[in-house]
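A short worksheet on the structure shown next.
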Amino acid sequence: MNYLLYQFGCHRQHTRSGTVMKNILVIEDNENMLSMMNDLLSRSEYHVISATDGVAGLKAYRTAKPDLVITDIIMPNKEGLEVIMDLVKETPRLKIIAMSGGGIMEPRTYLSLAEKLGADEIIEKPFRPADLLALVAKLLA
Amino acid sequence: MSKATILVVEPDGDIETLQLGDIIDAPALQTMMEDFHRLTGFGIGILDTEGKILVGVGWQEICTEFHRRHPDTLQNCLVNDVTLNSDIPIGTVKAYRCKNNLWDLMTPIEIGGHHVGNVCLGQFFYDDETVDYDFFRSQAKKYGFDEAAYLAALDRVPRWSRDKVAAAMAFYTGLSRLISTLSYNTVKLSRTLIEKDTALQQLEENKSFQTSLLENIPIPVFSKDTAGRYLVCNSAYKNFYGKTTEQILGADTFALHPPELAQFYHNKDDELFRTGRPQVYETKFLNFRGELCDGIAHTALLTDTDGITTGLVGAILDISERNRAAEDKKKLQFQLMQAQKMEAIGTLAGGIAHDFNNILGAILGYAEMVREDSPVGSTTARDLDQILQAGNRAKDLVKQILTFSRQAIAERIPLQPASIIKETIKLLRASLPTTITILPAIDPATAPILADPIQIHQLTMNLCTNAFHAMEERGGTLSISLTNVDTPRQEQLGRFGGPAEKFIRLSIKDTGTGIPPEIREKIFDPYFTTKEIGKGTGMGLAIVHGIVSSYGGTLTYDSQPDQGTTFHITLPALTELEKLAADTAADQETKIPRGGEHILFIDDEEILVDMTRTMLERLGYHVTVRNSSLEALTVFQNQPDAYDLVITDQTMPGMTGIDLARRMLQIRPNLPIILCTGYSSLITEDKTKAAGIKGFALKPLAKKNIAGLIRKVLGKPDSVK
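Note that the protein sequences, when read in sequence, are chains Y and D.
In terms of our numbering, the first sequence opens at residue 287 and continues consecutively.
In terms of our numbering, the second sequence opens at residue 34 and continues consecutively.
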């Protein structure tokens, strides 16, 4: 599955209440998770751009320049920690949420690394939708 | 050395070469016969087979002055002496007229069947015969003898009666026999004596060899007589039992060994004496240290040269080391297998967890979203709640699997296990039904350990949960004890391979159904469970085992069907070195902020109160302590402004920490309060924040953490008065 590009540059959509929609890039290799987050964030009137690995994610970022990036850690091709490092280098003020379900190590191990590398917030999978939305709202406030 | 001596000394010496002169005491016989001659007038000659005169008494002048002086007549004598003396049967007399015309009588001497010489009576005439003077005159003329002197000598030759001669010869025959016998016996006796000496010497050498051999054999060797009394034992035997020779030799089996063992050995010895078959059997031995050792005994009969049983001989092989080594090897192999299993599971679990969490994330996420859209109280809402509940259980399960499968380097700190266990017990009291009686026996002086408090809590909870499940149907008693142990029940290897000095033991006992023998090997396997679905994942004991192993401790249990099970966790106590290292590390990591404020500290646990007060005072604070929330509230009400900070435990009888905090905040809003709690999930950081409590700390309070938290909650940096 390839990434979806936000094709029209900086053109932004609007919410029902008329405010400008914020753009969120979600980088996640699991299609179920990606689909769920897409639906979740869209329902809360965010515009979601998706990518399924780190390489695609960075490309998507450079093209779409989202307001917030939510990235998984363990992914094929380029994993989340490297993505965070690259993003922070490019745009130091970019808001980043790192998420992880763990692997050989516990999620919090990966996530504490992510924090040290520049993620603003971290969240363990599986998370409650409300918790994620709270973090997004906090960072985009 | 004379030939006789050589002959006698050499056992194989040929007695045939023996010469008469070698064995008779010629001088003594000479003297004796001289006396005899004086008495009787009878002379004697004892000659060897070569004609050598060994004893000569009463030689006639005619022989000595004439016949034996002229070479020709001498030759006649010698011929007579030698050639005429053979083939005379022992005990008989041969009479012959010598070539010089005198009578000679001869009887042989034999030794050992060999003719070695003769006894002779000679140089006489019978009194009833006429002497032929003409012969002698012609002899004189022939050989140039002085005739007058020669004939005068002839006249002096004795003339005896035949009876007298016969009597004399009978005497000489007896004498000859006597000489023969005595000589032979002397030779034989001497030979026997020498042989005996040689044999004795050899015996001594053999004995010396045997003793040396026995003493140098490194395994215990012994012998007993037929009555079971010890005859011989080597040093290895003495050392094994720590007894002296005097204590062992002469004592019997029952005097030396404890009754049961002695009876066993005795029965075995009896069997040996009865059947005669050498025995090899495994048995136990009580060594000098009072340790029961495993060994193999080898015994066999001792018999004399006639084949009569005189006793038994035995040797003991101590195979305790071998058995211990085999046990250790088995244990290590098992541990290795477990470790390999764990590694495999860990890898698998890690891989699964990652995907699982993603999938769960999607399921739970969508379920929540739909739930949000569903009318409150609707069937859909209720159904979705079920999905969410199940999904959350799945989430916990994944966490548990991962915790178990990883050897997570959890943070280990020096802690008092007593305090954690007590916290856990409080939680249990709250969550277990009243059909379960909880009996704690926590020694407050239990040594500190280096551990992750979460893991210790987890261990205790897992074992207590299992105990509860075993007693769920009929109720029962859950006994939890914590104590120091100096010598653990099984041999322990310390974490660094050497013997650890001190240990603590946590024992959890239930009065439930017990663990059936057929599942005992499986209980530590992950996922093995005897419980129904929903009542446990089967991870508990596997997790406990994994954690305990990682601490270098041991997990053992005793179980009796329908009586209950006791699990024992033995963990190494904090060593001085570790304590020092931990303190140093802690101090060095960050500069620990200090302060001088007045803290009101509340906890119902005596030990914790003392410990924490000391810790806070060391940080420079002035500390007031109270053991009950009610007391604390009263004291605070009297002087609400006296305290800069309140630190309170959550789980207390009467009023919980949160309740106390709320009351205090009613009196003085914005009062800085820190709530301390153990690993109960009932209170979270969020809840405490919601109650207006500014700080939240997990027990046991680590110095570095609490110091920092205090400064944060007070909103002031480090302040040193």
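Ideal Cβ positions, reconstructed from N, Cα and C, are used throughout, including at glycine.
Which value, in whole angstroms, describes the spacing of the CA atoms of residue i and residue j?
{"i": "A359 (chain D)", "j": "I382 (chain Y)", "result": "58 Å"}
{"i": "M139 (chain D)", "j": "L111 (chain D)", "result": "14 Å"}
{"i": "P702 (chain D)", "j": "T684 (chain D)", "result": "22 Å"}
{"i": "I743 (chain D)", "j": "M319 (chain Y)", "result": "41 Å"}
{"i": "A377 (chain D)", "j": "I434 (chain D)", "result": "13 Å"}
{"i": "D339 (chain D)", "j": "T214 (chain D)", "result": "33 Å"}
{"i": "N390 (chain D)", "j": "V658 (chain D)", "result": "46 Å"}
{"i": "R522 (chain D)", "j": "R651 (chain D)", "result": "Confidence at R522 (chain D) is low in this model, with a pLDDT of 44, below 50, so the placement of that residue should be treated as unreliable; the coordinate-derived value is given next. Approximately 39 Å, taken between the alpha carbons."}
{"i": "S321 (chain Y)", "j": "K402 (chain Y)", "result": "28 Å"}
{"i": "N363 (chain Y)", "j": "E317 (chain Y)", "result": "16 Å"}
{"i": "Y205 (chain D)", "j": "K229 (chain D)", "result": "35 Å"}
{"i": "V668 (chain D)", "j": "S512 (chain D)", "result": "36 Å"}
{"i": "I356 (chain Y)", "j": "M385 (chain Y)", "result": "7 Å"}
{"i": "D372 (chain Y)", "j": "P352 (chain Y)", "result": "15 Å"}
{"i": "M65 (chain D)", "j": "A199 (chain D)", "result": "20 Å"}
{"i": "L80 (chain D)", "j": "A181 (chain D)", "result": "31 Å"}
{"i": "H601 (chain D)", "j": "P473 (chain D)", "result": "14 Å"}
{"i": "E248 (chain D)", "j": "L365 (chain D)", "result": "37 Å"}
{"i": "V642 (chain D)", "j": "L698 (chain D)", "result": "23 Å"}
{"i": "E630 (chain D)", "j": "L708 (chain D)", "result": "17 Å"}
With a threshold of 9 Å between beta carbons, is residue i in contact with chain D?
{"i": "M371 (chain Y)", "result": "no"}
{"i": "A416 (chain Y)", "result": "yes"}
So with Cβ pairs under 9 Å, would you call residue i a contact of chain Y?
{"i": "K428 (chain D)", "result": "yes"}
{"i": "G394 (chain D)", "result": "yes"}
{"i": "E405 (chain D)", "result": "yes"}
{"i": "G323 (chain D)", "result": "no"}
{"i": "L417 (chain D)", "result": "no"}
{"i": "G424 (chain D)", "result": "yes"}
{"i": "L526 (chain D)", "result": "Annotation note: pLDDT 44 at L526 (chain D) (below 50); position unreliable, no value reported."}
List the residues of chain D whose Cβ lies closer than 9 Å to the Cβ of residue i, in chain order.
{"i": "K326 (chain Y)", "result": "The amino acid at residue 326 (chain Y) is misidentified as Lys; the sequence shows Leu. Simply G398, Y399, E401 and M402."}
{"i": "M322 (chain Y)", "result": "G394, A395, I396, L397, G398, Y399 and M402"}
Counting C-beta neighbours from all protein chains within 10 Å, is the total for residue i 16 or more, i.e. buried, or is it exposed?
{"i": "T286 (chain D)", "result": "buried"}
{"i": "K375 (chain Y)", "result": "exposed"}
{"i": "P605 (chain D)", "result": "buried"}
{"i": "Y274 (chain D)", "result": "buried"}
{"i": "D358 (chain Y)", "result": "buried"}
{"i": "H578 (chain D)", "result": "buried"}
{"i": "N272 (chain D)", "result": "exposed"}
{"i": "I144 (chain D)", "result": "buried"}
{"i": "P481 (chain D)", "result": "buried"}
{"i": "G295 (chain Y)", "result": "Per-residue confidence for G295 (chain Y) stands at a pLDDT of 47, beneath the threshold of 50, marking its modelled position as unreliable; no derived number is given."}
{"i": "L496 (chain D)", "result": "buried"}
{"i": "F69 (chain D)", "result": "buried"}
{"i": "Q52 (chain D)", "result": "buried"}
{"i": "K374 (chain D)", "result": "exposed"}
{"i": "M323 (chain Y)", "result": "buried"}
{"i": "S216 (chain D)", "result": "buried"}
{"i": "Y289 (chain Y)", "result": "Note that Y289 (chain Y) has pLDDT 44, beneath the 50 cutoff, so the model's placement of it is unreliable and the number below is only indicative. Flag for Y289 (chain Y) reads buried."}
{"i": "L515 (chain D)", "result": "buried"}
{"i": "M361 (chain Y)", "result": "buried"}
{"i": "R355 (chain D)", "result": "exposed"}
{"i": "Y314 (chain D)", "result": "exposed"}
{"i": "A420 (chain Y)", "result": "exposed"}
{"i": "F178 (chain D)", "result": "buried"}
If the cut is a Cβ gap below 7 Å, which residues of chain Y does residue i touch?
{"i": "N391 (chain D)", "result": "N316, N318, M319, G387 and K411"}
{"i": "H387 (chain D)", "result": "I360, G387, G388 and G389"}
List, in order along the chain, the chain Y residues whose C-beta lies closer than 8 Å to that of residue i?
{"i": "L435 (chain D)", "result": "G388 and E392"}
Which residues of chain D have a Cβ atom closer than 8 Å to the Cβ of residue i, listed in chain order?
{"i": "R329 (chain Y)", "result": "M402"}
| Ordered list of beta strand (DSSP E) runs contained in the stretch 467 to 543 of chain D, each at least 3 residues | Along the length of the stretch 467 to 543 of chain D, whole beta strand (DSSP E) runs at least 3 residues long occupy 469 to 475, 482 to 484, 509 to 518 and 536 to 542, reported in chain order.
| Which full runs of the beta strand (DSSP E) of 3+ residues lie inside the stretch 325 to 408 of chain D, going along the chain? | Those beta strand (DSSP E) runs which fall completely within the stretch 325 to 408 of chain D and span 3+ residues are 325 to 336 and 342 to 351.
| task | Run through the stretch 215 to 286 of chain D for me and flag every whole alpha helix (DSSP H) of 4 or more residues, listed as ranges in chain order. | result | List check, alpha helix (DSSP H) in window: 268 to 274 and 278 to 281.
| field | Contiguous alpha helix (DSSP H) assignments of at least 4 residues, all confined to the stretch 674 to 747 of chain D | value | Residue ranges of uninterrupted alpha helix (DSSP H) with 4 or more members, entirely inside the stretch 674 to 747 of chain D and ordered along the chain, are 690 to 700, 718 to 723 and 736 to 747.
| In chain order, which continuous runs of the alpha helix (DSSP H) of length 4 or greater are located wholly inside the stretch 311 to 356 of chain Y? | With a minimum length of 4 residues, the continuous alpha helix (DSSP H) runs that stay inside the stretch 311 to 356 of chain Y are 317 to 329 and 340 to 350.
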